[in-house]
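Taken in sequence, the protein lines are chains A and B.
Following numbering that gives the first Met the number 0, the numbering of the first sequence begins with 0 at its first residue and continues without gaps.
Following numbering that gives the first Met the number 0, the numbering of the second sequence begins with 0 at its first residue and continues without gaps.
Beta carbons: idealized from backbone N, C-alpha and C, even for Gly.
Contents: one structure, followed by commentary.
Protein chains: 2
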Amino acid sequence: MAVYTDVAADELGRFLADYDIGELLAYKGIAEGVENSNFLVHTSRGYFILTLYERRVAERDLPFFLALMEHLARAGITCPQPVKNRAGAMLGRLAGRPAAIVTFLDGMWIRRPTAAHCAALGEALARLHLAGADFAMRRENALSVAGWRQLYAACGERADQVQRDLKAVLAAELDTLEREWPRGLPQGVIHADLFPDNVFFLGDRLSGLIDFYFACTDTLVYDVAVCLNAWCFEQDHAYNVTKGRALLTSYAKTRPLSPPEWEKLPLLARGAALRFLLTRLVDWLDVPAGALVRPKDPIEYLRKLRFHQKVKSANDYGVTAP
Amino acid sequence: MAVYTDVAADELGRFLADYDIGELLAYKGIAEGVENSNFLVHTSRGYFILTLYERRVAERDLPFFLALMEHLARAGITCPQPVKNRAGAMLGRLAGRPAAIVTFLDGMWIRRPTAAHCAALGEALARLHLAGADFAMRRENALSVAGWRQLYAACGERADQVQRDLKAVLAAELDTLEREWPRGLPQGVIHADLFPDNVFFLGDRLSGLIDFYFACTDTLVYDVAVCLNAWCFEQDHAYNVTKGRALLTSYAKTRPLSPPEWEKLPLLARGAALRFLLTRLVDWLDVPAGALVRPKDPIEYLRKLRFHQKVKSANDYGVTAP
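Quick look at the structure:
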């Protein structure tokens, strides 16, 4: 929740002169996004979002993200649409950083999603996967199973500072997942970070998806597993079977899951839990004492991991899998 | 630069139902304002700013600030206008905090003001003082000379940690200012914090003033002294006589300064420098080690104080005072 880079008005005015979006009238830094600096920009043509990409986003990946948003928007998915400059480019440079202008999307994210929200999410996620099927570019998922060993190396030794025996739990889980991770399931474009703050609603209607900066090419049902973790557990970390059923049923209605996908869902959910447990743990251990920004709690994801370890089949999530 | 209080969409929707400003479509936390939480709110009727007042702003002062903005806007000063709810109130409660909706103001603040910007500021400040003349409410300036002894008590002992002999400099200056502070100069509504980030421009035209949350009833020319410090020194803390002349000449053209006001300007400029030196010092010493938010440098204001201590008369600021 921060703006890392300040932009001066004259600098932004010169940047916008390359675009056909009217005259700059106002801009405000937005307290959203932990990876990039975002500004709401008002011009004589309307409202836009300006993103400056900070060091945590690799510049070589930006063409993938921007082309994907353009592709999805054309396919009818409501997401921010990159605005091209007069030279036809979606990516420019501002304040020494790669920068892009995207359309402003109405809608609000839901702090406490209901089962109805989970159902709407399930359908939107399936539509996203279908719309991504003919997207030509590829991007490996740096934060899938092949990347976890490296994350573990960065935090494993200090993990027990956060919770007793956490290092052993991580090591054992990592061994299991590396051994059993499924390779043959349907692949495609996944969002990979579709938490509630990246999904906008207007009333009960899902109005848009944002923040495609973890999107990549990976196992589609792994994206479902990420959402199951992010949307279907309560504040006390208990799994909510009604929400899980709503999400999974709704997803499968739009994009039916094959028997192998259902079968591997519990293992993928363990993987999705371990991925966020590891990245949160790294951030948690990285923060200087006394810092004002408190990172997200890794232990929330340890609890989710333990739940999935006990799951015997997708039926335990509240659905009757074929 | 932060949002201290999160607001849920349903909560904000209920709050806005008391206003006649249409249906909530979107809202974003703004990374601006160090005292309060600000959100840009999009409704079917347009764009607004929602402010949640945090603990550093006294709730009993809010009616003064809001009534002042309404008064000034009516008098032709472009500033945020409080929006009344259906009950006619400008102040409500949201997320456990006092909250107000004000109109969204176009314009951008200037990171490196020129002499032309300083001239525009001078005129706007004089117009603000004239427009405030018939404002009926009063608010004491808690951060004027009567309040500095208390600030000194909070930071004096540790001042030498920041710069050698700073405690002695502060003590001597405080003695001088308490003894010589002028009492009989023209009083009225002052902004008291009109730094560049509180003044909006569209091109070279000054388009609005914001952030009236230090406004109070005090010596008018003290407000000029605050601006002289905030606008007319360079990055290397050298006084820029061209900018100072532009500000003062332009101010005096709209609201002529009396001979006693000119005479006391150097002393008031010392006071204005000490006020920001003390508050910045308190904030500087208050911040925990390793914090991500770096407070503003107090030493900048020590340099300004030293400059004003050497000034013999207002002529040294670049004007020929009567």
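- With a cutoff of 7 Å on beta-carbon distance, A/TYR221 and A/LEU193 are scored as not near each other.
- Here B/TYR151 has LEU169, ALA170, LEU173 and LEU277 as same chain residues with Cβ atoms under 8 Å from its own Cβ, once five neighbours each way along the sequence are excluded.
- Distances from the alpha-carbon of B/VAL240 to those of B/ALA313, B/ALA158 and B/CYS78 put B/ALA313 closest.
- DSSP places B/LYS83 outside both helix and strand once states are collapsed to three, so it counts as coil.
- Per DSSP, B/PRO97 is one residue of the beta strand (DSSP E) stretching across 96-102.
- In the three-state reduction of the DSSP assignment, A/ARG126 falls in the helix class.
- Here the alpha carbons of A/ASP159 and A/LEU165 stand approximately 5 Å from one another.
- By the beta-carbon neighbour count (other beta carbons within 10 angstroms, threshold 16), B/THR319 is exposed.
- DSSP lists A/ILE189 as the beta-bridge partner residues of A/CYS215.
- For A/PHE63, the three-state secondary structure derived from DSSP is helix.
- Between A/SER36 and A/GLY45, the beta carbon gap of about 21 Å keeps them out of contact (Cβ cut-off 8 Å).
- Annotation for B/LEU15: the continuous alpha helix (DSSP H) segment containing it runs 8-15.
- About 7 Å separates the beta carbons of A/ILE76 and A/LEU208, which is inside the 8 Å limit, making them a contact pair.
- Taking the CA atoms as reference points, B/TYR3 sits about 10 Å from B/TYR52.
- Look at B/GLU53 here: in three-state DSSP terms it is coil, with no helix or strand label.
- Rounded to whole angstroms, the separation of the alpha carbons of A/PRO294 and A/ARG279 is 7 Å.
- Interface annotation, B/LYS295: not in contact with chain A, CB-CB separation never under 7 Å.
- Put simply, of A/HIS41, A/LEU93 and A/CYS226 the residue whose alpha carbon is nearest the alpha carbon of A/GLY270 is A/CYS226.
- Taking 8 Å as the cut-off between beta carbons, the residues of the segment 27-46 of chain B near chain A are LYS27, GLY28, ILE29, ALA30, GLU31, LEU39, HIS41 and TYR46, in sequence order.
- Interface with chain A (7 Å Cβ-Cβ cutoff): B/GLY21 is excluded.
- Straight-line spacing of the CA atoms in A/GLU22 and A/GLU139 works out to 39 Å.
- By the criterion of at least three beta-carbon pairs nearer than 8 Å, the segment 108-125 of chain A is not in contact with the segment 58-75 of chain A.
- Here A/ARG137 is near A/THR216, since their CB atoms are less than 7 Å apart.
- For B/TYR151, there is no enclosing beta strand (DSSP E); the enclosing alpha helix (DSSP H) covers residues 144-154.
- B/ARG204 sits in a strand when the DSSP states are folded into three classes.
- Spanning the alpha carbons of B/LEU184 and B/ALA8 requires a straight line of approximately 49 Å.
- Between B/SER249 and B/GLY121 a beta carbon distance of about 3 Å is seen, short of the 8 Å cut, so the two are scored as contacting.
- Residue environment analysis places B/LYS242 among the buried positions, since at least 16 neighbouring C-beta atoms fall within 10 angstroms of its C-beta.
- Comparing alpha-carbon positions, the option among B/PRO181, B/THR175, B/ARG244 and B/ASP296 lying closest to B/GLY317 turns out to be B/ARG244.
- Between A/ARG110 and chain B, the shortest Cβ-Cβ separation is below 7 Å.
- Taken residue by residue, none of the segment 112-139 of chain A has a beta-carbon sitting less than 9 Å from a beta-carbon on chain B.
- Counting only Cβ-Cβ distances below 8 Å, A/GLY106 has contacts in chain B at LEU24 and ALA25, in chain order.
- Identification of chain A residues near B/LEU201 by a Cβ-Cβ cut-off of 8 Å yields LEU24, ordered along the chain.
- Spanning the alpha carbons of B/TRP261 and B/ASP203 requires a straight line of approximately 28 Å.
- Unbroken alpha helix (DSSP H) stretches of 4 residues or longer found wholly inside the segment 228-303 of chain B: 240-253 and 258-285, given in chain order.
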